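Engineer:
Protein chains: 2
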Amino acid sequence: MSHLTLKQLRYFTTLARHGHFGRAAEACAISQPALSMQIKELEETLGTALFERTSRKLRLTGFGEIFEERARAILRDVDALGDLARASHDRLVGRLRIGIIPTIAPYLLPRIIADLTGAFPGLDIQVRETMTPKLAQELSDGLLDTAIVALPVSDPAFVEVPILTETFVLVRHLEQAEQPVPDRDKLREMRLLLLEEGHCFRDQALSFCSIPSGRPREGLDGSSLSTLVQMVGAGIGVTFIPEMAVAVETRSARVSIARFDDPQPSRTIGMIWRRSNPLAAQLDDIAQTFLKAARGWQDISAANHATAP
Amino acid sequence: MSHLTLKQLRYFTTLARHGHFGRAAEACAISQPALSMQIKELEETLGTALFERTSRKLRLTGFGEIFEERARAILRDVDALGDLARASHDRLVGRLRIGIIPTIAPYLLPRIIADLTGAFPGLDIQVRETMTPKLAQELSDGLLDTAIVALPVSDPAFVEVPILTETFVLVRHLEQAEQPVPDRDKLREMRLLLLEEGHCFRDQALSFCSIPSGRPREGLDGSSLSTLVQMVGAGIGVTFIPEMAVAVETRSARVSIARFDDPQPSRTIGMIWRRSNPLAAQLDDIAQTFLKAARGWQDISAANHATAP
DNA sequence: AATGGGACATAAGGAAAACTTATCGAAAAA
DNA sequence: TTTTTCGATAAGTTTTCCTTATGTCCCATT
Numbered sequence: 054m055s056h057l058t059l060k061q062l063r064y065f066t067t068l069a070r071h072g073h074f075g076r077a078a079e080a081c082a083i084s085q086p087a088l089s090m091q092i093k094e095l096e097e098t099l100g101t102a103l104f105e106r107t108s109r110k111l112r113l114t115g116f117g118e119i120f121e122e123r124a125r126a127i128l129r130d131v132d133a134l135g136d137l138a139r140a141s142h143d144r145l146v147g148r149l150r151i152g153i154i155p156t157i158a159p160y161l162l163p164r165i166i167a168d169l170t171g172a173f174p175g176l177d178i179q180v181r182e183t184m185t186p187k188l189a190q191e192l193s194d195g196l197l198d199t200a201i202v203a204l205p206v207s208d209p210a211f212v213e214v215p216i217l218t219e220t221f222v223l224v225r226h227l228e229q230a231e232q233p234v235p236d237r238d239k240l241r242e243m244r245l246l247l248l249e250e251g252h253c254f255r256d257q258a259l260s261f262c263s264i265p266s267g268r269p270r271e272g273l274d275g276s277s278l279s280t281l282v283q284m285v286g287a288g289i290g291v292t293f294i295p296e297m298a299v300a301v302e303t304r305s306a307r308v309s310i311a312r313f314d315d316p317q318p319s320r321t322i323g324m325i326w327r328r329s330n331p332l333a334a335q336l337d338d339i340a341q342t343f344l345k346a347a348r349g350w351q352d353i354s355a356a357n358h359a360t361a362p
Numbered sequence: 054m055s056h057l058t059l060k061q062l063r064y065f066t067t068l069a070r071h072g073h074f075g076r077a078a079e080a081c082a083i084s085q086p087a088l089s090m091q092i093k094e095l096e097e098t099l100g101t102a103l104f105e106r107t108s109r110k111l112r113l114t115g116f117g118e119i120f121e122e123r124a125r126a127i128l129r130d131v132d133a134l135g136d137l138a139r140a141s142h143d144r145l146v147g148r149l150r151i152g153i154i155p156t157i158a159p160y161l162l163p164r165i166i167a168d169l170t171g172a173f174p175g176l177d178i179q180v181r182e183t184m185t186p187k188l189a190q191e192l193s194d195g196l197l198d199t200a201i202v203a204l205p206v207s208d209p210a211f212v213e214v215p216i217l218t219e220t221f222v223l224v225r226h227l228e229q230a231e232q233p234v235p236d237r238d239k240l241r242e243m244r245l246l247l248l249e250e251g252h253c254f255r256d257q258a259l260s261f262c263s264i265p266s267g268r269p270r271e272g273l274d275g276s277s278l279s280t281l282v283q284m285v286g287a288g289i290g291v292t293f294i295p296e297m298a299v300a301v302e303t304r305s306a307r308v309s310i311a312r313f314d315d316p317q318p319s320r321t322i323g324m325i326w327r328r329s330n331p332l333a334a335q336l337d338d339i340a341q342t343f344l345k346a347a348r349g350w351q352d353i354s355a356a357n358h359a360t361a362p
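So the sequence lines, in the order shown, correspond to chains A and B. For the first sequence, position 144 (counting from the first letter as 1) is numbered 197 according to this note's numbering, and the numbering increases by one without interruption. For the second sequence, position 175 (counting from the first letter as 1) is numbered 228 according to this note's numbering, and the numbering increases by one without interruption.
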């Protein structure tokens with residue numbers, strides 16, 4: 054026995070509406086025998102007559118009426134599903150699982166989410182915050198759709214799109230505010246407080262100071278920029294933080310900020326996703342959204358800094 | 054652009070479950086390229102990727118997950134619809150519109166409905182009570198599925214199945230109880246009260262008395278057997294009623310019942326339906342149900358009469 | 001009663017869709 | 001490297017589906 058097809062349901066509902074094979078066939082844009090055969094096939098598949106073919110009059114059977122109602126419901130659902138798919142060409146739908154590193158999450162995330170929900174209403178955004186290697190792994194495993202990290206990641210499986218460049222500033226104790234900004238050689242002699250192993254920001258800071266990242270250091274490691282800044286405020290040492298963190302982190306500590314002359318230390322923040330992800334176009338859309346928004350983020354950041362006490 | 058097909062949805066959900074073209078194809082009992090092509094076709098129709106084909110791993114896209122859920126829902130509905138149809142082979146489903154003539158409705162209908170709901174649970178029974186010509190018309194027009202009338206109707210478009218034979222009894226005033234039962238010739242000289250034009254029972258009574266049914270009569274016509282019996286009780290004349298009506302109608306009137314010697318007046322009650330109705334098998338089932346139940350109906354009727362005062 | 005026309009079913013052949021096997025290419029595993 | 005795995009592609013065949021032409025039945029007309 055053959056199977057029910059959507060074509061049969063479409064033909065059936067049209068015939069039910071018209072009550073006339075010839076006209077229904079015309080409405081279906083097929084010939085009358087083609088319609089007859091499909092209906093016959095449908096009735097045989099069901100094992101039940103749907104129409105009562107009396108001379109000159111075509112009538113739905115009792116079951117036919119029930120069948121029509123349910124067939125229409127199914128066709129509605131199918132069409133709706135097709136529409137949904139077609140709507141998801143340009144508009145991102147459903148769930149977006151986004152990963153972000155901890156050294157930018159607290160400062161950027163609120164704005165990122167605000168921009169995303171603004172640009173893609175109805176999008177279900179899920180955020181995961183952890184360090185780059187883990188994000189990369191989860192991205193590979195399909196647990197994430199995209200991640201916001203420091204570039205480059207240099208994984209050939211990922212697409213990388215730069216979003217913004219952020220400079221690092223030196224955080225010293227408030228009492229050192231008037232001292233000259235140290236150069237790299239001086240820095241190496243100071244007690245540099247850094248994030249624990251695994252944070253890319255740690256490596257970036259070490260790299261700026263030309264310190265090999267593998268070597269064990271006698272310095273104390275913090276688990277967040279906040280902690281580091283508090284430690285600096287306590288007079289334990291100096292540290293770096295990204296420009297965007299300044300406004301938030303230096304507000305409640307006895308620290309001062311110093312900016313380096315060119316070449317300033319900096320890192321590029323960007324978005325990555327699987328090269329194989331078919332939503333490349335939409336993800337690129339998102340990246341562009343961020344790119345445009347990023348100027349705003351930095352301006353606000355700068356403004357915050359300017360008005361900070 | 055091509056159209057969505059159920060086949061594609063089935064293949065898709067299988068592939069989504071297995072996450073592997075080869076095994077999914079096996080599960081679908083087709084070759085792997087056939088599955089690949091259908092999935093590709095589906096994705097092109099939708100204009101959206103459903104799977105992310107990374108090397109060695111097959112993963113649903115975000116939209117794919119949404120799509121899977123809805124596709125499964127549709128397939129469930131379709132399968133349920135098929136099952137419903139298959140279940141309606143032997144079991145009558147949905148609505149049964151049944152017509153019945155007024156001269157049996159009051160006595161038989163409660164039992165008919167009880168028997169039907171017993172034998173076909175879940176059946177939605179709708180009853181229409183009117184005279185035979187109107188029933189026949191409505192049956193022809195598809196407003197009724199079947200009718201219970203006096204046979205024969207002799208319409209070649211209808212199937213007729215006899216259910217039971219009911220005899221007519223003479224209803225006279227209580228004071229005439231001891232008088233001999235009149236023969237047909239005597240009857241013609243009495244004042245015979247009959248139902249108004251259109252009731253088949255009227256014609257059947259006239260026929261028994263060998264009176265042409267077309268001729269205008271000076272008798273008073275009643276619109277129901279109840280009325281006629283009450284008129285008899287008031288001493289206005291005599292009338293016939295069917296055996297089954299005796300118990301109900303003679304309870305509250307000053308009348309007596311007389312039965313004729315053979316050949317007793319009688320009529321055959323039967324069920325009719327459109328010959329073209331594809332539910333012939335089920336309707337025949339119902340007729341058989343009535344046929345079996347009819348013995349019970351008549352017994353109860355006789356018992357009622359025996360115990361009547 | 002014969003005839004004409006409307007309406008659906010059936011028949012036969014051809015176009016389109018779907019499936020098959022065979023093969024390719026890329027990526028992972030050995 | 002070579003081998004294996006897995007999905008895509010190619011080519012050819014089967015099946016499905018649709019077309020036109022024709023048949024059959026029933027009603028309406030004469």
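Where a beta carbon is used, it is the ideal one built from N, C-alpha and C, also for glycine. Computed from a prediction, not measured in an experiment: that's the story for all the values here.
For the alpha helix (DSSP H) that B:G115 lies in, which residues bound it at each end?
Structural biologist: In the second sequence, residue 115 of chain B corresponds to position 62, counting from 1. That run of the alpha helix (DSSP H) goes 115-140.
Engineer: Hey, which unbroken runs of the alpha helix (DSSP H) at 4 residues or more fall wholly within the stretch 180-245 of chain B?
Structural biologist: Runs found: 185-193, 237-242.
Engineer: Hey, A:L149 and A:W350 are a contact pair by Cβ (cut 8 Å); roughly how many whole angstroms apart?
Structural biologist: Taking the first sequence and counting its residues from 1, the one referred to as residue 149 of chain A is at position 96. Taking the first sequence and counting its residues from 1, the one referred to as residue 350 of chain A is at position 297. That pair is no contact at about 19 Å.
Engineer: May I have the straight-line CA-CA distance separating A:R241 from A:C262, to the nearest angstrom?
Structural biologist: In the first sequence, residue 241 of chain A corresponds to position 188, counting from 1. In the first sequence, residue 262 of chain A corresponds to position 209, counting from 1. For A:R241 and A:C262, the distance between alpha carbons rounds to 7 Å.
Engineer: Anything in the stretch 248-264 of chain B with a Cβ closer than 9 Å to a Cβ of chain A? List those residues in chain order, please.
Structural biologist: Flagged: no residues at all.
Engineer: Could you tell me which residues DSSP pairs with A:D177 in its beta bridges?
Structural biologist: Within the first sequence, residue 177 of chain A is the residue found at index 124, counting from 1. DSSP lists A:R148 as partners of A:D177.
Engineer: For the stretch 329-346 of chain B, which residues have a beta carbon sitting closer than 9 Å to at least one beta carbon of chain A?
Structural biologist: The stretch 329-346 of chain B vs chain A, Cβ under 9 Å: S329, N330, P331, L332.
Engineer: Cβ closer than 9 Å: which chain A residues qualify as neighbours of B:R148?
Structural biologist: On the second sequence, residue 148 of chain B is found 95 positions in, with the first residue counted as 1. Here the neighbours are G115, E118, I119.
Engineer: I'd like the span of the alpha helix (DSSP H) that includes B:S89, first residue to last.
Structural biologist: What you label residue 89 of chain B is simply residue 36 of the second sequence in a count that begins at 1. Segment 85-99, the alpha helix (DSSP H) holding B:S89.
Engineer: I need the boundaries of the beta strand (DSSP E) containing A:S319, first residue and last residue.
Structural biologist: Sequence index remark: in the first sequence, residue 319 of chain A carries index 266 (1-based). A:S319 -> beta strand (DSSP E) spans 319-327.
Engineer: Name, going along the chain, the residues of the stretch 187-213 of chain A whose beta-carbon falls closer than 7 Å to a beta-carbon of chain B.
Structural biologist: The residues in question are G195, D198.
Engineer: Could you give the DSSP three-state label for B:R112: helix, strand or coil?
Structural biologist: Reading the second sequence from its first residue, position 59 is the one you call residue 112 of chain B. If DSSP states are grouped into helix, strand and coil, B:R112 belongs with the strands.
Engineer: Whole angstroms is fine: what's the gap from B:R106's alpha carbon to A:S329's?
Structural biologist: Looking up residue 106 of chain B in the second sequence gives position 53. Looking up residue 329 of chain A in the first sequence gives position 276. Distance between the alpha carbons of B:R106 and A:S329: 7 Å.
Engineer: What residue range is occupied by the uninterrupted beta strand (DSSP E) comprising A:R106?
Structural biologist: Position 53 of the first sequence, counted from the first residue, corresponds to residue 106 of chain A. Start and end: 104-107.
Engineer: From B:L103 to B:F116, what does the alpha carbon distance come to, in whole angstroms?
Structural biologist: Residue mapping note: residue 103 of chain B aligns to position 50 of the second sequence, counting from 1. Residue mapping note: residue 116 of chain B aligns to position 63 of the second sequence, counting from 1. So the alpha carbons of these two residues sit roughly 6 Å apart.
Engineer: Is B:A311 closer than 9 Å to B:V206 when the C-beta atoms are compared?
Structural biologist: Your numbering for residue 206 of chain B matches position 153 in the second sequence. Your numbering for residue 311 of chain B matches position 258 in the second sequence. No.
Engineer: For B:I264, I'd like the list of residues in its chain whose CB is within less than 7 Å of its CB, leaving aside the five on either flank, ordered along the chain.
Structural biologist: Here residue 264 of chain B refers to the residue found at position 211 of the second sequence. The residues are R241.
Engineer: Around the Cβ of A:P209, are there at least 16 other Cβ atoms within 10 angstroms (buried) or fewer (exposed)?
Structural biologist: Numbered from its first residue, the first sequence carries residue 209 of chain A at position 156. Exposed, since its Cβ has fewer than 16 Cβ neighbours within 10 Å.
Engineer: Please state if the CB of B:Q61 and the CB of B:L95 are separated by a distance shorter than 9 Å.
Structural biologist: In the second sequence, residue 95 of chain B corresponds to position 42, counting from 1. In the second sequence, residue 61 of chain B corresponds to position 8, counting from 1. Closer than 9 Å, so yes.
Engineer: May I ask you to list the residues that DSSP assigns as paired with B:T292?
Structural biologist: Within the second sequence, numbered from 1, the residue matching residue 292 of chain B stands at position 239. Answer is B:V224, B:L246, bridged to B:T292.
Engineer: Hey, quick one: how far does the beta strand (DSSP E) through B:A22 stretch, first residue to last?
Structural biologist: Past the boundaries of the shown model lies residue 22 of chain B; chain B is included only from 54 to 362, so the question cannot be answered.
Engineer: Going by DSSP in three states, A:G275 sits in which element: helix, strand or coil?
Structural biologist: The residue given as residue 275 of chain A occupies position 222 in the first sequence. Reduced to three states, the DSSP call for A:G275 is strand.
Engineer: May I have the straight-line CA-CA distance separating A:P159 from A:L332, to the nearest angstrom?
Structural biologist: Looking up residue 159 of chain A in the first sequence gives position 106. Looking up residue 332 of chain A in the first sequence gives position 279. Roughly 27 Å between the two C-alpha positions.
Engineer: Is the Cβ of B:K110 closer than 9 Å to any Cβ of chain A?
Structural biologist: Position 57 of the second sequence holds residue 110 of chain B. B:K110 counts as touching chain A.
Engineer: How would you list, in chain order, the residues of chain A whose beta-carbon sits under 7 Å from the beta-carbon of B:V180?
Structural biologist: Numbered from its first residue, the second sequence carries residue 180 of chain B at position 127. Within chain A, no residue comes near B:V180; the closest Cβ sits about 15 Å away, beyond 7 Å.
Engineer: Compute the beta-carbon to beta-carbon distance between A:V285 and A:T292, rounded to the nearest angstrom, for a pair I have assumed lies under 8 Å.
Structural biologist: Position 232 of the first sequence holds residue 285 of chain A. Position 239 of the first sequence holds residue 292 of chain A. Rounded, the Cβ-Cβ distance is 5 Å, consistent with contact.
Engineer: State the CB to CB distance for the pair B:L197 and B:R181, rounded to an integer number of angstroms; the pair is presumed to be in contact (CB under 8 Å).
Structural biologist: The count along the second sequence starts at 1 and reaches residue 197 of chain B at position 144. The count along the second sequence starts at 1 and reaches residue 181 of chain B at position 128. About 6 Å separates the two Cβ atoms, so the contact holds.
Engineer: Does any residue of chain B have a CB that is nearer than 9 Å to the CB of A:V131?
Structural biologist: For this step, residue 131 of chain A is matched to residue 78 along the first sequence. It does: the Cβ of A:V131 has a partner Cβ on chain B nearer than 9 Å.
Engineer: So, helix, strand or coil for B:I157, using DSSP?
Structural biologist: On the second sequence, position 104 is the one that residue 157 of chain B refers to. Coil at B:I157, not helix or strand.
Engineer: Give the residues from the stretch 67-92 of chain B that approach chain A closer than 7 Å (Cβ to any Cβ), ordered along the chain.
Structural biologist: Cβ contacts with chain A: none found.
Engineer: Pick from A:T58, A:M297, A:H73, A:A138: whose alpha carbon is nearest that of A:P163?
Structural biologist: By 1-based counting over the first sequence, the position of residue 163 of chain A is 110. Answer by Cα proximity: A:M297.
Engineer: Consult DSSP for B:A287 and reduce its assignment to one of helix, strand or coil.
Structural biologist: Against the second sequence, residue 287 of chain B aligns to sequence position 234. Three-state DSSP puts B:A287 in coil, outside helix and strand.
Engineer: Under DSSP, the alpha helix (DSSP H) around B:H71 begins and ends at which residues?
Structural biologist: Against the second sequence, residue 71 of chain B aligns to sequence position 18. Start and end: 59-71.
Engineer: Looking only at its chain, what residues have a beta carbon closer than 8 Å to the beta carbon of B:Q341, apart from the 5 residues adjacent to it on each side?
Structural biologist: Locating residue 341 of chain B in the second sequence gives position 288, where the first residue counts as 1. So the list is empty, once near-sequence residues are dropped.
Engineer: Cutting at 6 Å between CB atoms, please list the residues of its own chain near A:G323, excluding the five before and the five after it.
Structural biologist: By 1-based counting over the first sequence, the position of residue 323 of chain A is 270. Hits under 6 Å: L204, E213, V214, P215, I216.
Engineer: Beta carbon of B:C253, beta carbon of B:T321: below 9 Å?
Structural biologist: One-based indexing of the second sequence puts residue 253 of chain B at position 200. One-based indexing of the second sequence puts residue 321 of chain B at position 268. No; because the gap between Cβ atoms is not below 9 Å, this pair is not in contact.
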